[in-house]
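4 protein chains.
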Amino acid sequence: MPTEDSSSANAPKRERGRLRVAAIIKAAVEIFAEKGYDVATMTEIAARSGTAIGSLYRFFPSKEALADALLLQYAQHVKHALTELEQQVPHMKPDSVADALVDFMLALQSQRSFAVSLIDARGLEANERKRFREMMRGAIADIVRKTIPGVTPAKARVMAVVLLLMLKGLSGAMSEEPAARAMLIAEMRELVRMYLASAAGRKRA
Amino acid sequence: MPTEDSSSANAPKRERGRLRVAAIIKAAVEIFAEKGYDVATMTEIAARSGTAIGSLYRFFPSKEALADALLLQYAQHVKHALTELEQQVPHMKPDSVADALVDFMLALQSQRSFAVSLIDARGLEANERKRFREMMRGAIADIVRKTIPGVTPAKARVMAVVLLLMLKGLSGAMSEEPAARAMLIAEMRELVRMYLASAAGRKRA
Amino acid sequence: MPTEDSSSANAPKRERGRLRVAAIIKAAVEIFAEKGYDVATMTEIAARSGTAIGSLYRFFPSKEALADALLLQYAQHVKHALTELEQQVPHMKPDSVADALVDFMLALQSQRSFAVSLIDARGLEANERKRFREMMRGAIADIVRKTIPGVTPAKARVMAVVLLLMLKGLSGAMSEEPAARAMLIAEMRELVRMYLASAAGRKRA
Amino acid sequence: MPTEDSSSANAPKRERGRLRVAAIIKAAVEIFAEKGYDVATMTEIAARSGTAIGSLYRFFPSKEALADALLLQYAQHVKHALTELEQQVPHMKPDSVADALVDFMLALQSQRSFAVSLIDARGLEANERKRFREMMRGAIADIVRKTIPGVTPAKARVMAVVLLLMLKGLSGAMSEEPAARAMLIAEMRELVRMYLASAAGRKRA
DNA sequence: GATGAATGAGGGTTCATTCAT
DNA sequence: TATGAATGAACCCTCATTCAT
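Chains as they are written, first to last, in the numbering used here: chain D, 1 to 205; chain B, 1001 to 1205; chain X, 2001 to 2205; chain Y, 3001 to 3205.
Next comes the structure, spelled out in structure tokens:
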């Protein structure tokens, strides 16, 4: 679900353009995910999306701009999902929150690896990366604070970083064979539950 | 530091070659770590190691071969360290093993980022990556089995994957500011302890 | 400013077209002058003139055609001015003619640099350039012949070429700082006067 | 006669390289002269000089660097010639100096048009252009001062600018047909003599 | 064996021009 | 007719790799 207004310099004005942009984004996400930012080529992105190279550059004036747009879109998507989750938290038990976090990450997987490849790319501004990480941490910390009412903001932030770190690892899990994957996911689910529970316990104790 | 083999007439040459290779490897590790596999250039590696580009290619016939060699060396280093740890395990309490695992990862950090950059590089054969991962998992699983005597091999493997995943995250922690880093490490240490302890408990229960 | 021909139903359209063409020509003159023929882009000319690129191509079927049109217009302008000057010559003293020539060049300066950039552009047909030069030389030669009645046509032509050459240099003078520019212009004025006077003298002698 | 140390970033170290650079410079001068800086392509320069594109870039790391090197070489050549002329001046009559200046310009013609095309190119730093112009003006002004001993420095400078301007025009003369060219040159020679003589006269008077 | 000049495929990007809407 | 999205040849430049010296 691409946003109607991405950060591309030249937003398309006709319906056809909208479709083209969607095709480009799809191809770019795939190729960045497959090869990483540096190895991906604009030529291949154009080819896979059925776009002439010149058209690709009409919508995204540089490779970096394309990556930025993709990242922004991804960030907005993630932010939205986390905000929704946050609003559910008051009605959930910690274990359910833990499960929701794992599910959230799992749901993101398909798009995730491309984001990682872009975030790690050396070409991107450190700022861009930092803002994205900050957003994620803040959102997760908020969820932690609602899940474990008494935690200090500082503790919530540390926990957010740790959670993110665990969840991030989940993406690697997707490349396992199905059987191993299921076990891995179950184990991770257990770990996250335990982590939240223990924190809640430490709090109360 | 003379080589252990100095009896032949070729010794000086061999010695020079060895130094040269060491210089190349040092430069390559640095540059791969700084820029990632794709962005690093053979020319720069040659320059930083004070080697002519032609000589670099004499020792490592391609960029990929160089990366493979680096990875192999890194893998051996890691394997060695884990084997040593494994031998200590029988005399340690689970918490100490947990700490040792965290320390092990921390100790690896300096060399780590280059390895990640190589492992993630798309250019490398999946096989290469797989073997490396397999080795790590096997070694950690062995440690787990010695730490928690009753676990099934399958369970130990799953735990190894999860542990690796957590520890892997630690590398990201190194880019935090010192204060945040210390907290993060403490938290991770706690998590790993808890994870091993709970597994031991589940086992015994 | 209504067109002189407003009797047809197409008048409004024609009127719009005329304005459009005027806007394009204005923008094109500016941009060619600023950047030179090769670096100027049709897209920018379209943008600055508020014209869609497709419309620009409707009026001028190629970049070269646009340049030709500009050059033609400039040539007509120059020709007209020189013809007017020629008619004044019989009533002027040689020094006044010299001054008039310098003033003429100075008056042209604002539009001049674009013309130079077009005339020098390698893309233009040599023919086009030749015709333009021929026109200028002929017109100046005519003025010379009226200024110095006895000169042979051949001599007048040579003088025209030399005069043109001097006057052409004046355009470079416009980029000097004001103080230097004023001195330069005075000096050139003197030179041109001297040149005409000496030719007249040689003639008579 | 290429200088032994041009401004190229990577000076060749072997004899073969020296030849290659000479070939590149020759081709570049020709092509820049034929088409101008913007239209000239590195690919064509490489092809005409029998060099692989990669090799061209080894010696001149960018198109601009190549142009700068050419310009620098040309400037040094010109400076040298003018310095030599200046030393002859004390032994010459003004008319001879005038002739020498015209001859100097004529001798430069073959290389001249490329320099003009580079100096006028928009891509070059204004500084580079300014320095070149300054050098020329200074050198000519020095010659003027030695030719007409009493002139003020300021007057000499103005005259230098005017002379340069006239001489510059001579390059255009080279594209005339032989007959016209000879007349033109004779006329220019006369003009320059007259100019110097009149200045000397004004001085003395 | 060591050296570094040479090679050329391929990458990001631009822009004159066309044509469907 | 007016519009601007689409096209793709061509540009400048990089770099892994080879090979003559």
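Built from N, CA and C at the ideal position, the CB exists for glycine as well.
Taken through DSSP and simplified to helix, strand or coil, residue 103 of chain D comes out as helix. For the C-beta of residue 3168 of chain Y, the chain X residues within less than 7 Å are, from N- to C-terminus, 2169. For the stretch 2011 to 2053 of chain X, the full-length alpha helix (DSSP H) segments reaching 4 residues or more read 2011 to 2035, 2042 to 2048 along the chain. The Cβ of residue 1138 of chain B sits no closer than 9 Å to any Cβ of chain D. Between residue 38 of chain D and chain B, the shortest Cβ-Cβ separation is below 9 Å. Only those residues of the stretch 68 to 92 of chain D whose C-beta falls short of 8 Å from the nearest C-beta of chain B would be listed, and there are none. Residues of chain B whose Cβ lies closer than 8 Å to the Cβ of residue 64 of chain D do not exist, since the nearest Cβ in that chain is about 14 Å away.
By the CB criterion at 9 Å, residue 3189 of chain Y and residue 3089 of chain Y fall outside the cutoff.
Contact fails between the stretch 3146 to 3155 of chain Y and the stretch 3067 to 3078 of chain Y, because fewer than three Cβ pairs, one in each stretch, are under 8 Å apart.
Between residue 105 of chain D and residue 167 of chain D, the gap from beta carbon to beta carbon is short of 9 Å.
Comparing C-alpha distances from residue 3186 of chain Y to each of X/2155, X/2098, X/2067, X/2024 shows the shortest one belongs to X/2155. Taking the C-beta atoms as reference points, residue 109 of chain D is found nearer than 9 Å to residue 171 of chain D. For residue 2083 of chain X, the enclosing alpha helix (DSSP H) begins and ends at 2063 to 2088. In the three-state DSSP reduction, residue 3114 of chain Y falls in the helix class (H, G or I).
At a C-beta separation below 7 Å, residue 1201 of chain B has no neighbours in chain D, since its nearest C-beta there lies roughly 11 Å away.
With respect to chain D, the C-beta atom of residue 1028 of chain B has no partner C-beta closer than 9 Å. With 16 or more other Cβ atoms from the protein chains shown falling within 10 Å of its own Cβ, residue 3199 of chain Y counts as buried. Judged by DSSP in its simplified three-state form, residue 2132 of chain X adopts helix.
Residues 3032, 3033, 3036, 3037 of the same chain have their beta carbon placed closer than 7 Å to that of residue 3117 of chain Y, with the five preceding and five following residues left out of the count. Interface with chain B (9 Å Cβ-Cβ cutoff): residue 96 of chain D is excluded.
In this structure, DSSP gives residue 1093 of chain B a state outside helix and strand, which the three-state scheme calls coil.
Nearest neighbour of residue 1098 of chain B by Cα position, chosen from B/1025, B/1180, B/1159, turns out to be B/1159.
Straight through space, the alpha carbons of residue 193 of chain D and residue 1047 of chain B are spaced by roughly 51 Å. Within chain Y, no residue has its CB atom less than 8 Å from the CB of residue 2128 of chain X, the nearest being about 15 Å off. Nearest CB-CB separation between residue 3172 of chain Y and chain X: below the 9 Å threshold.
Residue 2065 of chain X has its alpha-carbon roughly 15 Å from the corresponding atom of residue 2027 of chain X. Residue 63 of chain D and residue 3041 of chain Y have their alpha carbons spaced roughly 25 Å apart. Under the 9 Å criterion on CB atoms, residue 1134 of chain B is classed as non-interfacial with respect to chain D. In this structure, residue 2061 of chain X sits away from residue 2147 of chain X, with a CB-CB distance that is not shorter than 9 Å. Between residue 3129 of chain Y and residue 3161 of chain Y, the gap from beta carbon to beta carbon reaches 9 Å or more. Nearest neighbour of residue 2191 of chain X by Cα position, chosen from Y/3182, Y/3202, Y/3184, turns out to be Y/3202. Bounds of the alpha helix (DSSP H) holding residue 159 of chain D are 153 to 173. The beta carbon of residue 3187 of chain Y falls within 9 Å of a beta carbon belonging to chain X, placing the residue at that interface. With 16 or more neighbouring CB atoms inside 10 Å of its own CB, residue 2045 of chain X falls in the buried class. Residue 83 of chain D and residue 141 of chain D have their C-alpha atoms some 11 Å from each other.
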